[in-house]
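Visitor: Sharing a structure with you now.
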Amino acid sequence: MLQTQGLTASYGQFKALFGIDIRVDAGECVAIIGANGAGKTTLMRAIAGVLRNAPEMILHRGEPIGDMAADRVMRRGIAMVPEGRRLFPSLTVEENLLIGGQVRRAAGPWDLAAVHRLFPILKERRSNPATALSGGQQQMVAIGRALMSNPEVLLCDEISLGLAPVVIRDIYAALPAIRATGAAVVLVEQDIARALAVADRVYCLMEGRVTLEGRPRELTREAIHAAYFGALA
Amino acid sequence: MIWVNTVVQGLMLGGLYALFATGLSLVFGIMRLVNLAHGDLIVFAAFAILVIVEVLGLDPFVSALLAAPLLFAAGWALQRLVLNRVLGRDILPPLLVTFGLSVALQNGMLEVFSADSRRIRSGALESASVALGPVTLGMLPLLTFASAVAAIFLLNRIFYATALGRAFRATSDDPVTASLMGINPRSVFAIATGLAMVTVTLAALYLGMRANFDPSIGPARLIYAFEAVIIGGLGSLWGTLAGGIIIGLAQTAGAAVNPEWQILAGHLAFLVVLLVRPRGLFPRAFD
Ligand SMILES: Nc1ncnc2c1ncn2[C@@H]1O[C@H](COP(=O)(O)OP(=O)(O)OP(=O)(O)O)[C@@H](O)[C@H]1O
Ligand SMILES: [Mg+2]
Numbered sequence: 037m038l039q040t041q042g043l044t045a046s047y048g049q050f051k052a053l054f055g056i057d058i059r060v061d062a063g064e065c066v067a068i069i070g071a072n073g074a075g076k077t078t079l080m081r082a083i084a085g086v087l088r089n090a091p092e093m094i095l096h097r098g099e100p101i102g103d104m105a106a107d108r109v110m111r112r113g114i115a116m117v118p119e120g121r122r123l124f125p126s127l128t129v130e131e132n133l134l135i136g137g138q139v140r141r142a143a144g145p146w147d148l149a150a151v152h153r154l155f156p157i158l159k160e161r162r163s164n165p166a167t168a169l170s171g172g173q174q175q176m177v178a179i180g181r182a183l184m185s186n187p188e189v190l191l192c193d194e195i196s197l198g199l200a201p202v203v204i205r206d207i208y209a210a211l212p213a214i215r216a217t218g219a220a221v222v223l224v225e226q227d228i229a230r231a232l233a234v235a236d237r238v239y240c241l242m243e244g245r246v247t248l249e250g251r252p253r254e255l256t257r258e259a260i261h262a263a264y265f266g267a268l269a
Numbered sequence: 005m006i007w008v009n010t011v012v013q014g015l016m017l018g019g020l021y022a023l024f025a026t027g028l029s030l031v032f033g034i035m036r037l038v039n040l041a042h043g044d045l046i047v048f049a050a051f052a053i054l055v056i057v058e059v060l061g062l063d064p065f066v067s068a069l070l071a072a073p074l075l076f077a078a079g080w081a082l083q084r085l086v087l088n089r090v091l092g093r094d095i096l097p098p099l100l101v102t103f104g105l106s107v108a109l110q111n112g113m114l115e116v117f118s119a120d121s122r123r124i125r126s127g128a129l130e131s132a133s134v135a136l137g138p139v140t141l142g143m144l145p146l147l148t149f150a151s152a153v154a155a156i157f158l159l160n161r162i163f164y165a166t167a168l169g170r171a172f173r174a175t176s177d178d179p180v181t182a183s184l185m186g187i188n189p190r191s192v193f194a195i196a197t198g199l200a201m202v203t204v205t206l207a208a209l210y211l212g213m214r215a216n217f218d219p220s221i222g223p224a225r226l227i228y229a230f231e232a233v234i235i236g237g238l239g240s241l242w243g244t245l246a247g248g249i250i251i252g253l254a255q256t257a258g259a260a261v262n263p264e265w266q267i268l269a270g271h272l273a274f275l276v277v278l279l280v281r282p283r284g285l286f287p288r289a290f291d
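Line by line, the protein sequences are chains D and G. Each residue of the first sequence is one higher than the one before, starting from 37 at the first, in my numbering. Each residue of the second sequence is one higher than the one before, starting from 5 at the first, in my numbering.
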């Protein structure tokens, strides 16, 4: 349903991605793992349209979308929870949620009430400025904001970054409810164990290339280690 | 009781300056763009209203109502076709482009309307006044002030109570993340500049009815508008109203002492506020 073909990306002279091929099927949970600087965020930003590419490098429902701006990609049903959450500081918690579904509201289970059921604390804090929340709560807002449009694909870039283990557990506890609504989820994650535990399939990135792909059960520790840290590690 | 009169007149004059400044403040607040052609756009709008008044023989207020959607469209197109292309990290290109636009507008208006001084005639309204205790208020200044308060109140409602305002604030915070919400920052900017041109139309209506204008007076209006925005704190609309009022009060007070001091007193007030509060009276938390 969503696919990249030979996707490349660079920042000026610096090449960050060298021909990435990944695939996300409907309703699937795909994890992208890789060390710092491997290119995971760059891959997410390219798919979401923040970085533009040649049209055919990214296909959605068979149509080339690689050259579409982020707002058009989002309106096709590909929503992103960006790295570092990136809530809008001028907006309250509730406004941050509402703006996620303001432009595109596909038919589906997610609305303000459903997000409040998923993360009840956000209802309590709804009038607070988004930046007044704790890191974990802010991450909940970022996830809820992306859900508000009832996306077909949810791209999550390091939703556990900088959070305490108990908080990470709470956030991951929401994943089954999100998947139950039929959305495909792409999880960028540095925590390999957690990624393997929840994903249907895994891609490992290293220095801008896919070094491993497969189903968690089929991958050995050694193979993952080599793909993650390089052959010498 | 002369000072009461001075204060009230200054307040009313401040309303006019606030109207000059509202569009500038709106555009700066949303896209960090300083439009150096703002004053000339006000004069341009005044000519637009004048043409409608003279050609169709309509009342100035009705004419302004007709001009507003046209000027909204002009602002929208200006943003879409020109300003969006030069907005970016570097603040110099938009400054140069709007400076160029200012010069082009002045020359274009000179060509079409000549250097003659013009006025939008409003009939009986010109001399109408109301007595408030010891103070006699001109109807036009009173209407100007009321319009400024109403315009800023309405814009604040749009900003804080509508989906469009939410998109304005989000785009102002972080255009990239706003685009991840399906918002096209360029369309948002175009709507903002369109709205700014509606406030420009209102400013032009009162400018044209209260005093003579000609194609060359834009830059001077820009300076008052600029000072009002800076005194109020960049990005704050109520701050802009306060800024306009401070300049209006200072000018009227200066003029009461010595008529030659009117303009100077306004600029001095601006400098004093900047010395005491370099970020203005009501700065937004981030810019
Ligand atoms: N804006 C940028 N300008 C220049 N280089 C960049 C930029 N963003 C990322 N890079 C470089 O591109 C490479 C890939 O970065 P990217 O952020 O995609 O990695 P990542 O896998 O998400 O890392 P992390 O785990 O730290 O989030 C890195 O070498 C990084 O230094
Ligand atoms: Mg990253």
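Ideal Cβ placement from N, Cα and C applies to all residues, glycine included. For clarity, every value in this text was computed on a predicted model and none was experimentally measured.
Would Arg-111 of chain D pass as an interface residue toward chain G - the criterion being a Cβ-Cβ separation below 7 angstroms?
Guide: yes
Visitor: Whose Cβ in chain G lies nearer than 8 angstroms to the Cβ of Met-116 of chain D?
Guide: Leu-184
Visitor: So who's on the other strand from Pro-165 of chain D, going by DSSP bridges?
Guide: D:Thr-128
Visitor: Quick check on this structure: which residue in D:Leu-232, D:Val-189, D:Arg-111, D:Ala-150 has the alpha carbon closest to the alpha carbon of Glu-64 of chain D?
Guide: D:Val-189
Visitor: Check whether chain G comes within 7 angstroms of Ala-269 of chain D, counting only Cβ atoms and requiring the distance to be less than that.
Guide: The predicted position of Ala-269 of chain D is uncertain, since its pLDDT is 48 and thus under 50; no value can be drawn from it.
Visitor: Note down the Cα distance separating Lys-76 of chain D from Asp-193 of chain D, rounded to an integer number of angstroms.
Guide: 8 angstroms
Visitor: Does the Cβ-Cβ distance between Ala-71 of chain G and Gly-248 of chain G come in under 7 angstroms?
Guide: no
Visitor: Could you have a look at Pro-97 of chain G and say whether DSSP puts it in helix, strand or coil?
Guide: helix
Visitor: Compare the C-alpha of Thr-26 of chain G against each of G:Gly-258, G:Phe-274, G:Leu-226 and name the closest.
Guide: G:Leu-226
Visitor: For Ala-32 of chain D, which residues in the same chain have their Cβ closer than 6 angstroms to its Cβ, ignoring the five residues on either side in sequence?
Guide: Coverage of chain D is limited to positions 37 through 269, which leaves residue 32 of chain D absent and any answer about it impossible.
Visitor: Arg-281 of chain G: buried (16+ other C-beta within 10 angstroms of its C-beta) or exposed?
Guide: exposed
Visitor: Sorted by chain position, which residues of the same chain lie with C-beta nearer than 7 angstroms to Phe-290 of chain G's C-beta, five sequence neighbours on each side aside?
Guide: Reliability of the predicted coordinates at Phe-290 of chain G is poor, the pLDDT of 42 falling under 50, and the value obtained from them is presented with this limitation in mind. The beta carbon of Phe-290 of chain G is closer than 7 angstroms to none in its chain, skipping five residues each way along the sequence.
Visitor: Does Ala-178 of chain D have its Cβ less than 7 angstroms from a Cβ in chain G?
Guide: no
Visitor: Examine chain A for any beta-carbon lying closer than 7 angstroms to the beta-carbon of Ser-126 of chain D, and answer yes or no.
Guide: In the displayed structure, chain A is absent; the protein chains listed are D and G.
Visitor: Check each residue's C-beta against every heavy atom of ligand 1 and list, in chain order, those closer than 5 angstroms.
Guide: With the cut-off at 5 angstroms, the residues found are D:Tyr-47, D:Ala-52, D:Asn-72, D:Gly-73, D:Ala-74, D:Gly-75, D:Lys-76, D:Thr-77, D:Thr-78.
Visitor: Is Ser-118 of chain G helix, strand or coil by DSSP?
Guide: Ser-118 of chain G carries a coil assignment under DSSP once its states are collapsed to helix, strand and coil.
Visitor: When the distance is taken between beta carbons, is Gly-236 of chain G closer than 7 angstroms to Ala-246 of chain G?
Guide: In contact: Ala-246 of chain G and Gly-236 of chain G (Cβ atoms closer than 7 angstroms).
Visitor: Helix, strand or coil, according to DSSP, for Leu-69 of chain G in the structure here?
Guide: helix
Visitor: Flag Glu-188 of chain D as yes when its Cβ comes closer than 6 angstroms to any non-hydrogen atom of ligand 2, and as no otherwise.
Guide: no
Visitor: Can you check the segment 218 to 261 of chain D for any alpha helix (DSSP H) of at least 4 residues that lies completely inside it and give the ranges in chain order?
Guide: Segments of the alpha helix (DSSP H) lying fully in the segment 218 to 261 of chain D: 228 to 234.
Visitor: Put Thr-205 of chain G into one of helix, strand or coil per three-state DSSP.
Guide: helix
Visitor: Answer yes or no: do Asp-249 of chain D and Tyr-239 of chain D have a C-beta to C-beta separation smaller than 7 angstroms?
Guide: First, the residue type needs correcting, since residue 249 of chain D is Glu and not Asp in the sequence shown. Contact flag set, yes.
Visitor: Taking only beta-carbon atoms, is Ala-166 of chain D less than 7 angstroms away from chain G?
Guide: no
Visitor: In this structure, what does DSSP give as the bridge partners for Phe-155 of chain D?
Guide: Answer by DSSP bridge pairing: none, since Phe-155 of chain D is not bridged.
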